[in-house]
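So the structure is just underneath, and the comments pick up after that.
In the UniProt record's numbering, the protein residues as written are 1 to 232.
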């Protein structure tokens with residue numbers, strides 16, 4: 001299957017992997033903070049934050065992409081400032097594809113981590129605090145190891161979701177071969193031209209393989225870490 005890929009197909013696969021990696025890596029700290037805030041803290045606007053986090057799951061992906069274009073495009077409020085002050089451009093660039101993928105995958109990441117945080121017994125943290133440990137040390141030595149399966153599961157699911165993101169990405173950064181054409185965009189392109197079905201099928205098989213691998217890996221990692229924590 002891989003030997004039959006053309007250079008254009010390889011570029012689409014490589015770009016998807018690059019976009020998914022950075023979308024997951026850069027959003028993980030924010031996902032951890034958001035999940036912890038929703039699970040443990042009580043503050044005004046908490047339900048609003050929860051709604052905003054899950055909004056990409058409810059909105060049509062094209063709407064999310066259009067909102068990103070209005071905000072982070074070169075004529076957008078945030079995008080114009082970033083381009084003028086830092087030379088950072090998102091619209092019609094692979095960085096924009098990473099941003100769109102991160103936003104679409106963010107709810108899955110936050111939900112997995114939040115469930116892990118909510119499963120931790122606060123009494124364990126309180127016991128460590130009574131022994132003189134500071135809050136950051138309690139988090140690093142007690143909370144973090146216990147929620148690690150959820151963090152890894154959320155990261156893997158977010159990576160798989162980012163690999164399959166299409167609607168928001170193509171609306172925000174278009175479908176430029178070698179520049180913004182990800183795996184789903186390439187599949188869409190091949191299905192629009194006569195004789196492109198064999199290439200589309202090859203890429204579909206790769207997408208299915210990546211998605212299934214991510215799901216199985218997420219389950220295996222979560223169970224393996226849970227066993228190690230339970231045996232410790």
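Even for Gly, the Cβ is constructed at its ideal location relative to N, Cα and C.
Considering only 5, 6 and 14, the residue with the shortest C-alpha distance to residue 180 is 14. Contact annotation: residue 90 and residue 106 have beta-carbon atoms that are not nearer than 8 Å. When secondary structure is reduced to three states using DSSP, residue 88 falls in the coil class, being assigned neither helix nor strand.
Just measuring C-alpha positions, the residue of 219, 220, 221 and 214 sitting nearest residue 21 is 214. Cβ contact annotation for residue 114 (same chain, cutoff 7 Å, sequence separation greater than five): 35, 38 and 39, in chain order.
Annotated three-state conformation of residue 179 is coil, per DSSP. Its chain contains 147 and 150 as the residues whose beta carbon lies nearer than 6 Å to that of residue 116, once the 5 sequence neighbours on both sides are disregarded; these appear in chain order. With respect to the C-alpha of residue 112, the residue from 182, 28 and 122 having the closest C-alpha is 28. Between residue 168 and residue 109, the C-beta spacing is not below 8 Å.
For residue 20, the uninterrupted alpha helix (DSSP H) segment begins and ends at 7–40.
For residue 46, the enclosing alpha helix (DSSP H) stretches over residues 46–58. Per DSSP, reduced to three states, the secondary structure at residue 195 is coil, with no helix or strand assignment. With contacts defined as CB atoms closer than 8 Å, residue 221 and residue 153 qualify as a contacting pair.
Taken through DSSP and simplified to helix, strand or coil, residue 216 comes out as helix. In summary, residue 178 is exposed, with fewer than 16 beta-carbon neighbours lying within 10 Å of its beta-carbon over all protein chains present. Taken in chain order, the whole alpha helix (DSSP H) runs of length 4 or more contained in the stretch 70–150 are 77–86, 94–118, 122–130 and 135–138.
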